[in-house]
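Per full-length UniProt numbering, the very first residue in the sequence shown carries number 1; after that it's consecutive.
All residues carry an ideal CB built from backbone N, CA and C; glycine is no exception.
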Amino acid sequence: MPGARVPDVPVPGISAPRGAGYGSGLGTPAGGVPLGELPPAPGSGGFTGGAANWLAGLGGLRNTVRQELVARQLDEQLAAHFPPSGGAHGRRRSLRVLDIGPGQGTQSLRLARAGHVVTGLESDPVMLSTLRAAVAEEPPEVRERMALLSGDGRQTGRHFGPACFDVVLCHGVLMYVPDPEPLLAALARVLAPGGMLSLLVRNGDALAMRPGLLGDWPGALGAFGADAYTNRLGLATRADRREPLTAILAGIGVPLQGWYGVRVFTDAVPDSAPVPSDPREMAGLLDAEEAAGRTDPYRAVAALLHLCGTRT
């Protein structure tokens with residue numbers, strides 16, 4: 001029933017990595033350390049204070065566009081990386097997924113509902129509590145495929161052995177990390193050969209677009225050549241550029257296989273902008289955003305970049 005605690009039973013046929021405690025997503029990770037007692041990771045305070053504003057905007061247009069586009073792009077990449085056995089109509093295997101900074105769990109829960117085994121590593125206590133509550137509302141078979149841990153991506157070596165995940169998601173995290181390379185190297189270590197790394201980052205090559213579209217000319221001029229910015233949550237963050245990230249991915253053995261833009265047309269709308277009430281209008285909006293996100297030159301000026309690499 002919704003809200004029931006999941007028993008501490010591993011998912012059959014899948015070995016749980018150190019600390020994952022599959023089937024115990026709402027309780028204590030394997031090893032007996034309560035979620036709330038894990039010490040914070042060094043430098044993990046980048047999102048501190050942002051949870052309330054982030055959660056308040058979940059139902060708005062900007063976040064809805066982001067999550068829907070990422071879901072479509074992710075499904076396309078997963079289908080290419082892990083084709084079903086027996087052809088197009090064959091059965092897709094259950095994948096071992098690690099989600100770094102899953103937040104409210106939109107993508108984690110979606111993948112768990114699809115039959116994949118998902119571990120979430122979340123550093124913010126408010127977001128972790130929110131996700132635990134969301135998992136509690138899921139059917140038992142989904143709860144059994146979810147495990148939640150407190151920590152950030154730089155702690156993967158503490159929790160997991162090498163090559164123990166087929167997919168690693170790191171969405172909306174790098175902007176809160178001063179140097180992306182150590183985190184990405186840690187994620188590459190836990191990714192199995194042939195596995196997929198999915199990154200969602202703030203596009204450093206397009207930082208002037210939002211202030212320019214809003215008529216903030218000093219802000220637009222100051223954004224050219226800059227990497228640092230203050231996001232809509234009021235947090236000091238940093239952006240990444242596609243070419244340097246591509247070089248980092250190649251250097252850690254996860255070369256880039258494909259990339260998309262996310263939010264080309266709707267990034268400058270107000271935080272309070274609602275989803276259109278007409279489903280046909282919303283469908284058209286999403287289709288236009290999806291087309292722009294995969295088409296040059298539009299995708300290069302999207303607010304966010306979605307990059308997918310393959311572990312060699």
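Secondary structure at Leu191: strand, using DSSP grouped into helix, strand and coil. Our two residues, Leu98 and Arg91, have alpha carbons roughly 22 Å apart in a direct line. In the three-state scheme derived from DSSP, where H, G and I count as helix and E and B as strand, Thr106 is classed as helix. Cα atoms of Ala303 and Val65: separation of roughly 12 Å, rounded to the nearest angstrom.
When the alpha-carbon of Pro139 is set against those of Met127, Arg158, Thr156, Ala114, the nearest one is in Ala114. Between Leu307 and the set Pro297, Leu245, Gly215, Ala283, the nearest pair of CA atoms involves Leu245.
Close CB contacts of Gly204 within its chain, under the 7 Å cut and outside five residues either way in sequence, are with Asp227, Ala239, Asp240, Arg241 (chain order). Collapsing the DSSP output to three states places Phe165 in a strand.
A check of alpha carbon separations from Glu281 across Phe47, Leu55, Ala56, Leu61 identifies Leu61 as the nearest. For Ile248, the enclosing alpha helix (DSSP H) begins and ends at 242–251. Around the beta carbon of Glu122, 16 or more other beta carbons lie within 10 angstroms, which makes this residue buried.
The three-state reading of DSSP puts Asn231 in coil, since its state is none of H, G, I, E or B.
The segment 57–104 is shown to contain whole beta strand (DSSP E) runs of 3 or more residues at 96–100, in chain order.
DSSP links Asn203 through a beta bridge to Asp240.
For Ser277, no beta strand (DSSP E) segment is defined, and its DSSP state is neither H nor E. Here Asp166 is not near Gly212, since their CB atoms are 7 Å or more apart. Counted as a single uninterrupted DSSP element, the alpha helix (DSSP H) harbouring Leu213 occupies residues 209–213.
7 Å or more divides the Cβ of Val262 from the Cβ of Gly309. Ser123 is not bridged by DSSP to any residue.
Residue burial annotation: Ser198 is buried, with at least 16 other C-beta atoms found within 10 angstroms of its C-beta. Excluding sequence positions up to five before and after Gly57, its CB lies within less than 7 Å of the CB of Asn63, Asp271, all in the same chain and listed in chain order. If you look at Val142, you'll find it in the alpha helix (DSSP H) that goes 140–143. In the three-state DSSP reduction, Ser198 falls in the strand class (E or B). Residue pairing by DSSP puts Trp259 in a beta bridge opposite Leu307. In this structure, the straight-line span from the alpha carbon of Met175 to that of Gly293 is close to 20 Å. Looking from the CA of Ala185, the closest CA among Gly153, Arg210, Asp216 belongs to Gly153. Rounded to the nearest angstrom, the Cβ distance from Leu148 to His159 is 12 Å, too far for a contact under 8 Å.
Taking C-beta atoms as the reference points, Ala51 and Val126 count as a pair closer than 7 Å. Per the coordinates, the alpha-carbon of Phe82 lies some 21 Å from the alpha-carbon of Glu68. By the neighbour-count criterion, in which a residue is buried when 16 or more other Cβ atoms sit within 10 angstroms of its Cβ, Trp217 is exposed. Between Gln77 and Gly258 a beta carbon distance of about 6 Å is seen, short of the 8 Å cut, so the two are scored as contacting. Contact check for Ala208 against Ala220 passes: the beta carbons are separated by less than 7 Å. The DSSP-derived three-state label of Ala292 is helix.
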